[in-house]
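Contents: one structure, followed by commentary.
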DNA sequence: AATGAAAAACTACACTA
DNA sequence: TAGTGTAGTTTTTCATT
């Protein structure tokens, strides 16, 4: 049976990885990253493809994990007044037995919006969102002060969320 | 012409404030924050309302800005291998004439995913996403080294994006 | 790539607390 | 008056050719 040049079977359901994103895929991603409710018809018009083609490409990218999720961005202060806090955490050491439990802890704490493990002196950076300082004081006690893995931590209160977003730069080629 | 007690015109498109979010609104937000493509029928079932009621509440929350946007989350490394970098920037002073241009600069730089202005010695925290260190070196020169508003800056390379997300805690009452 | 069926989103209207 | 459910219309999504 004849095969395609790339070796995949002709009818192959490539539920896994998608080899390479072409111009069209990138253009679609740029749109959905801004507004995931844009109709396939409008996307099609904008990228010069048929709605069906757009639809296939979107499902392919969803199946292959290129599109991780579609989410609503909720304005924090519309729901409840809140304070954003950045925390720099330094651990006693950078062994896996220390790092892994901390990752699990931060993952399990809903007030921790984001957590990054960074180079250098065994450190995490956290972006937290709490209703008030009382709540943060309480959280910081359990998460940091009374945590034997933690050496030191530094708390920075955010005065202005100048730019928030997870949108990435999608290159032209 | 008769006006409503709150001064808005009778047919006024109440694009502004929604009084208070009730249990239903919160339940809807919790769902959409995880998956904005959940159908109104399913949401309705889950929160015990009619699909039409769900639809009205969603539009109201979109119009009033409680739902800021619906976006697709794109896996950065699926599009292009990339490095996440956290930068702590200290300014020469904390006057508006210094801060405002910096905010504008960071807003205009697509590689800057997030920017927070924090308390203390006139500082910003940035989360940046770049294709490689060469690109970061170039960006850091224009953004920081050669920028007269900037006093010092500290670069931290992210080894693990442990948790990334903008989801907020929506309280029960 | 185009067509048509299925599903979802939206609108109008009458009703209720 | 604000908000609901029912039912009907339009739009979008999706599978088939």
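Residue numbers (the numbering used here), protein chains in the order written: chain P, 235 to 407; chain D, 235 to 407.
Glycine included, every Cβ here is placed at the ideal spot set by N, Cα and C.
Residue i to residue j span [Cα, whole Å]
i, j, result
"residue 401(D)", "residue 305(D)", "12 angstroms"
"residue 263(P)", "residue 287(P)", "14 angstroms"
"residue 297(D)", "residue 333(P)", "43 angstroms"
"residue 436(D)", "residue 363(P)", "Residue 436(D) lies beyond the stretch modelled for chain D, which goes from 235 to 407, so this question has no answer here."
"residue 357(D)", "residue 323(D)", "5 angstroms"
"residue 383(P)", "residue 348(D)", "28 angstroms"
"residue 352(P)", "residue 314(D)", "21 angstroms"
"residue 319(D)", "residue 327(P)", "22 angstroms"
"residue 271(P)", "residue 342(P)", "30 angstroms"
"residue 361(D)", "residue 369(D)", "15 angstroms"
"residue 273(P)", "residue 403(D)", "29 angstroms"
"residue 280(P)", "residue 261(P)", "9 angstroms"
"residue 387(P)", "residue 387(D)", "19 angstroms"
"residue 344(D)", "residue 267(P)", "13 angstroms"
"residue 379(P)", "residue 257(P)", "50 angstroms"
"residue 255(D)", "residue 293(D)", "13 angstroms"
"residue 394(D)", "residue 269(P)", "27 angstroms"
"residue 338(D)", "residue 399(D)", "24 angstroms"
"residue 291(D)", "residue 346(P)", "28 angstroms"
"residue 385(D)", "residue 282(D)", "56 angstroms"
"residue 371(P)", "residue 381(D)", "36 angstroms"
Assigned exposure category for residue i - 16 Cβ within 10 Å defines buried
i, result
"residue 259(D)", "buried"
"residue 295(D)", "buried"
"residue 329(D)", "exposed"
"residue 310(P)", "buried"
"residue 376(D)", "exposed"
"residue 389(D)", "buried"
"residue 284(P)", "exposed"
"residue 331(D)", "exposed"
"residue 275(D)", "exposed"
"residue 405(P)", "exposed"
"residue 247(P)", "Unreliable placement is indicated for residue 247(P), whose pLDDT of 35 sits below 50; the coordinate value is still reported in the next sentence. Exposed, since its Cβ has fewer than 16 Cβ neighbours within 10 Å."
"residue 237(P)", "Since pLDDT at residue 237(P) reaches only 33, below the 50 mark, its modelled position is unreliable, and the value read off the structure follows with that caveat. Exposed, since its Cβ has fewer than 16 Cβ neighbours within 10 Å."
Residue from the options with nearest C-alpha to residue i
i, options, result
"residue 308(P)", "312(D), 310(D) and 302(D)", "302(D)"
"residue 397(P)", "378(D), 387(D) and 359(D)", "359(D)"
"residue 407(P)", "280(D), 273(D), 276(D) and 365(D)", "365(D)"
"residue 340(D)", "354(D), 312(D), 373(D) and 355(D)", "373(D)"
"residue 278(P)", "289(P), 269(P) and 268(P)", "289(P)"
"residue 367(P)", "338(P), 316(P) and 291(P)", "316(P)"
"residue 354(D)", "399(D), 325(D), 338(D) and 346(D)", "325(D)"
Cross-chain neighbours of residue i in chain D, by beta carbon under 8 angstroms
i, result
"residue 340(P)", "396 and 397"
"residue 297(P)", "The premise fails here: residue 297(P) is roughly 12 angstroms from chain D at the closest Cβ pair, so nothing lies under 8 angstroms."
"residue 271(P)", "270 and 304"
"residue 263(P)", "306, 308 and 313"
Where residue i meets chain P, residues with beta-carbon distance less than 8 angstroms
i, result
"residue 345(D)", "403"
Per-residue contacts from residue i into chain P (C-beta, under 7 angstroms)
i, result
"residue 368(D)", "The premise fails here: residue 368(D) is roughly 14 angstroms from chain P at the closest Cβ pair, so nothing lies under 7 angstroms."
Distance between beta carbons of residue j and residue i, contact taken as under 8 angstroms
i, j, result
"residue 392(D)", "residue 350(P)", "5 angstroms"
"residue 312(D)", "residue 300(P)", "4 angstroms"
Contact list for residue i against chain D, beta-carbon separation under 9 angstroms
i, result
"residue 359(P)", "320, 359, 361, 390 and 392"
Interface partners of residue i on chain D, CB under 7 angstroms
i, result
"residue 354(P)", "390"
"residue 400(P)", "307, 347, 398 and 400"
"residue 255(P)", "313"
Cross-chain neighbours of residue i in chain P, by beta carbon under 9 angstroms
i, result
"residue 301(D)", "306, 307, 308, 309 and 312"
"residue 266(D)", "305, 306 and 308"
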